[in-house]
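Visitor:
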Amino acid sequence: MKWDNRRERNKELFSLNRRRFLSLSGVFGLALISGKSDIAMGITEKEGKMTYQNKDYNRLLGMEGFSDTLLKNHFALYQGYVTNTNKSMDALSQLLKEGKTGTVEYAELKRRLGWEFNGMRLHEYYFENLGGKGGIRKGGKLVQKLAESFGSYEAWEKDFKGTGTIRGVGWVVLYQDILSGKFINFWINEHDVGHPAGGMPILIMDVFEHAFMIDYGLKRADYIEAFFRNINWTEVEKRLLLHKG
Ligand SMILES: [Fe+2]
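Take the sequence shown: its position 236, counted from the start at 1, is 235 in numbering that gives the first Met the number 0, and no numbers get skipped.
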């Protein structure tokens, strides 16, 4: 690749990263632009302090294959992550102000923040990629991209579902590597471990036991089938459009 091309590509990637940051991660971006709170983006600003807000996913109640009891329990669990993300960030901010960055409390809270923040954000991606009907757009860009990375859409789906049934609890995430454009299904053991650097989550499936055991017991494969029947592919494709490639 010629240097000029690399420079142009880097500029483009920077532009994409910034746009992605402003539009997806969120929250900080919109607040910085508007200077006021935006609950729809899940954050409010008060006295210069950013606070994450619980997002309302009650629209998912009644979804085929998911009982209201399971979903309400799952929403409550998600809300705990939002609360603890805010608490962790507040406490860290206070320790910073007090010059206590060298303390055990600061170190442990820093380690904890990845768990709480990712627990919040992964659930948001998960709930937001549910509630759809009608399946993936045949001939759409996502189908085409998945075929490029996996050989066919069917091969991707087989790999995604296979990842979801391995022993253990965690997440299955279809990531797009922003630098190569390649799609990879990742198994995430814990919220804060195993995410690929520079990866953009495209489709998230929760396979912690709380996501399915109330309705399916140990039959995780049946839950995965129900999950697939309810994927909001329109939302998933929007995430794709934020990427290069
Ligand atoms: Fe969950």
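Beta carbons are placed, not taken as given, at the ideal position from N, Cα and C, and that holds for glycine.
Give every residue of the same chain whose Cβ lies closer than 7 Å to the Cβ of Leu173, excluding the five residues on either side of it in the sequence, and list them in chain order.
Guide: Taking the first residue of the sequence shown as 1, we reach residue 173 at position 174. Closer than 7 Å at the Cβ level, and outside the excluded window around Leu173, lie Phe159, Phe182, Asn184, Ile201 and Leu202.
Visitor: Compute the distance between the beta-carbons of Gly131 and Asn53, then report whether it is under 8 Å.
Guide: By 1-based counting over the sequence shown, the position of residue 131 is 132. By 1-based counting over the sequence shown, the position of residue 53 is 54. Result no, Cβ atoms of Gly131 and Asn53 do not sit closer than 8 Å.
Visitor: Taking C-beta to C-beta, are Gly79 and Asp191 nearer than 8 Å?
Guide: Walking along the sequence shown from the start, residue 79 turns up at place 80. Walking along the sequence shown from the start, residue 191 turns up at place 192. No, the pair does not count as a contact, with Cβ atoms beyond the cut-off.
Visitor: In terms of residue numbering, what span does the beta strand (DSSP E) encompassing Val171 cover?
Guide: The count along the sequence shown starts at 1 and reaches residue 171 at position 172. Looking at the DSSP string, the run of the beta strand (DSSP E) that includes Val171 is Trp170 to Asp176.
Visitor: Rounded to a whole number of angstroms, what is the C-alpha to C-alpha distance between Trp170 and Thr164?
Guide: The residue given as residue 170 occupies position 171 in the sequence shown. The residue given as residue 164 occupies position 165 in the sequence shown. One C-alpha to the other measures close to 10 Å.
Visitor: Does DSSP put Asn83 in a helix, in a strand, or in coil?
Guide: Residue numbering aside, residue 83 sits at position 84 when the sequence shown is read from its first letter. Residue state, collapsed to three classes: helix.
Visitor: Measure from the alpha carbon of Thr50 to the alpha carbon of each residue in Gly64, Lys71, Ser87 and Leu70, then state which is nearest.
Guide: By one-based count along the sequence shown, residue 50 stands at place 51. The shortest C-alpha separation from Thr50 is found at Ser87.
Visitor: Quick check: is any heavy atom of ligand 1 less than 7 Å from the C-beta of Phe210?
Guide: Translated into the one-based positions of the sequence shown, residue 210 becomes position 211. First, the residue type needs correcting, since residue 210 is Ala and not Phe in the sequence shown. Yes; taking the cut-off as 7 Å, the Cβ of Ala210 has a heavy atom of ligand 1 nearer than that.
Visitor: Let me confirm a value: Tyr162 is counted as buried when at least 16 other C-beta atoms fall within 10 Å, else exposed. Which label applies?
Guide: By 1-based counting over the sequence shown, the position of residue 162 is 163. The sequence shown places Thr at residue 162, rather than the Tyr named in the question. Thr162 counts as buried, since no fewer than 16 other beta carbons sit within 10 angstroms of its beta carbon.
Visitor: What are the residues that DSSP puts in a beta bridge with Val192?
Guide: Along the sequence shown, one-based indexing puts residue 192 at 193. Its beta-bridge partners are Glu189.
Visitor: May I ask which residues mark the beginning and end of the beta strand (DSSP E) holding Met204?
Guide: For this step, residue 204 is matched to residue 205 along the sequence shown. Segment Gly198 to Asp205, the beta strand (DSSP E) holding Met204.
Visitor: Which same chain residues, not among the five before or five after Leu69, have their C-beta less than 7 Å away from its C-beta?
Guide: Along the sequence shown, read from residue 1 onward, the residue named residue 69 stands at position 70. Ile213 and Asp214, listed in sequence order.
Visitor: Who are the Cβ neighbours of Gln175 in its own chain at under 6 Å, not counting the five residues just before and after it?
Guide: Taking the first residue of the sequence shown as position 1, residue 175 is located at position 176. Excluding positions up to five away in sequence, the list reads Phe182, Met199, Ile201 and His242.
Visitor: Could you name the residues that DSSP lists as bridge partners for Asn184?
Guide: Here residue 184 corresponds to residue number 185 of the sequence shown, with the count starting at 1. Per DSSP, Leu173.
Visitor: Might you give, ordered along the chain, the residues of its own chain that have their beta carbon closer than 6 Å to the beta carbon of Tyr125, omitting 5 neighbours on each side?
Guide: Within the sequence shown, residue 125 is the residue found at index 126, counting from 1. Result list for Tyr125: Ile203 and Asp205, in chain order.
Visitor: Per DSSP, what are the beta-bridge partners of Leu129 in this structure?
Guide: For this step, residue 129 is matched to residue 130 along the sequence shown. In the DSSP output, where bridge partners are listed per residue, Leu129 has Ile230.
Visitor: Hey, how far is the Cα of Leu31 from the Cα of Thr43?
Guide: What you label residue 31 is simply residue 32 of the sequence shown in a count that begins at 1. What you label residue 43 is simply residue 44 of the sequence shown in a count that begins at 1. Model confidence at Leu31 stands at a pLDDT of 28, short of 50, so the residue's coordinates are unreliable and nothing is read from them.
Visitor: For Ser179, I'd like the list of residues in its chain whose CB is within less than 6 Å of its CB, leaving aside the five on either flank, ordered along the chain.
Guide: The residue given as residue 179 occupies position 180 in the sequence shown. Taken in chain order, the list of residues that qualify is empty.
Visitor: Consult DSSP for Tyr56 and reduce its assignment to one of helix, strand or coil.
Guide: Locating residue 56 in the sequence shown gives position 57, where the first residue counts as 1. Coil at Tyr56, not helix or strand.
Visitor: State yes or no: is the C-beta of Val168 within less than 8 Å of the C-beta of Glu208?
Guide: Indexing the sequence shown from 1 puts residue 168 at position 169. Indexing the sequence shown from 1 puts residue 208 at position 209. Going by C-beta atoms, Val168 is nearer than 8 Å to Glu208.
Visitor: Given the structure, does Leu76 come close to ligand 1, in the sense that its CB is under 7 Å from one of the ligand's heavy atoms?
Guide: Within the sequence shown, numbered from 1, the residue matching residue 76 stands at position 77. Because some heavy atom of ligand 1 lies under 7 Å away, the Cβ of Leu76 counts as near it: yes.
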